[in-house]
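S.K.: Have a look at this one.
Numbering (the numbering used here), first residue to last: 5 to 269.
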């Protein structure tokens with residue numbers, strides 16, 4: 005009969021709640037997670053991610069570029085021209101953003117090319133604490149005003165309506181929500197209604213929303229254009245409605261699965 009190897013085992017987690025971390029500490033179980041929390045009793049190592057300097061929120065251009073990079077498949081090295089095409093940002097802005105990501109140790113630079121430091125799935129988990137809710141403000145508008153805006157600017161679906169097309173959240177006409185970039189909205193020269201009690205919600209975002217191929221996996225969505233799933237998740241993850249909160253977690257899992265598939269390809 006073989007002897008049992010005397011080896012320490014370290015549990016690795018993608019994320020841990022405060023209560024789970026507390027239980028592991030009390031049980032003195034060695035662990036590490038992608039946020040930087042580390043506990044290894046044999047060597048007396050304890051590193052709390054909250055004790056390290058947490059980078060400030062990204063700028064709108066940086067967040068837009070980062071999300072587009074994560075969601076655009078097939079980039080073994082960062083394709084600046086492709087990111088410019090997806091985001092609408094000039095190449096010079098993309099390069100400035102990439103320098104920020106390198107400083108955060110999210111990307112490497114070799115021979116003038118930017119590459120991943122870890123998988124996209126891990127990069128998302130590592131960076132999510134630096135991402136912000138892109139909504140600048142919400143306004144309620146009657147259908148007539150929405151139709152006017154659609155005649156001069158492309159609107160994407162967002163909010164609970166978009167969430168309902170990828171999860172079990174019920175779709176209703178009342179939860180229809182549209183999204184527009186703040187700069188585009190400010191350029192509108194349309195007389196819009198004030199103090200509306202019933203209508204459709206218009207979300208005004210701090211950066212330009214874009215359509216992601218993530219939605220191609222949902223057959224019933226081919227005739228609709230939704231905002232990207234990561235930005236959508238950021239707008240809904242702290243919602244007070246427990247149904248939306250639950251389905252936002254389901255959306256996060258789908259995002260992780262999508263990023264994992266890209267890593268494996």
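Ideal placement from N, C-alpha and C gives every residue a C-beta, glycine not left out.
Small disclaimer: the values here were computed from a predicted structure and weren't measured.
Looking at residue 124 and residue 255, is the spacing between their C-beta atoms short of 8 Å?
M.R.: No, these two residues do not count as a Cβ contact at 8 Å.
S.K.: Consult DSSP for residue 58 and reduce its assignment to one of helix, strand or coil.
M.R.: Bear in mind that the predicted position of residue 58 carries a pLDDT of just 48, short of 50, making it unreliable; the figure below should be weighed with that in mind. Correct three-state label for residue 58: coil.
S.K.: Looking only at DSSP bridge pairs, what is residue 142 linked to?
M.R.: According to DSSP, which records beta bridges pairwise, residue 142 is partnered with 207.
S.K.: Based on the DSSP secondary-structure assignment, which residues constitute the bridge partners of residue 229?
M.R.: None, per the DSSP bridge assignment.
S.K.: Along the chain, where does the beta strand (DSSP E) that runs through residue 325 open and close?
M.R.: In the structure displayed, the chain extends from 5 to 269; residue 325 sits before or after that span and is not available.
S.K.: Return the CA-CA distance between residue 188 and residue 148, expressed in angstroms with no decimal places.
M.R.: Going by the C-alpha atoms only, they are around 19 Å apart.
S.K.: Does the stretch 95-104 come into contact with the stretch 64-75, if we say contact requires no fewer than three beta-carbon pairs (one atom in each stretch) closer than 8 Å?
M.R.: Cβ pair count under 8 Å is three or more, so yes.
S.K.: Return the CA-CA distance between residue 88 and residue 228, expressed in angstroms with no decimal places.
M.R.: Looking at the two C-alpha atoms, the distance is approximately 23 Å.
S.K.: At the level of alpha carbons, what is the spacing between residue 242 and residue 165?
M.R.: Those two C-alpha atoms are separated by around 16 Å.
S.K.: Should the stretch 195-205 be regarded as contacting the stretch 130-150, the criterion being three or more beta carbon pairs within less than 8 Å?
M.R.: Taking 8 Å as the limit for Cβ pairs, the verdict is that the stretch 130-150 does touch the stretch 195-205.
S.K.: Could you check what DSSP says for residue 35 in three-state terms: helix, strand or coil?
M.R.: If DSSP states are grouped into helix, strand and coil, residue 35 belongs with the strands.
S.K.: Alpha carbon to alpha carbon, how far is residue 116 from residue 182?
M.R.: Those two C-alpha atoms are separated by around 39 Å.
S.K.: In this structure, does DSSP put residue 185 in helix, strand or coil?
M.R.: In this structure, residue 185 counts as strand in the three-state DSSP scheme.
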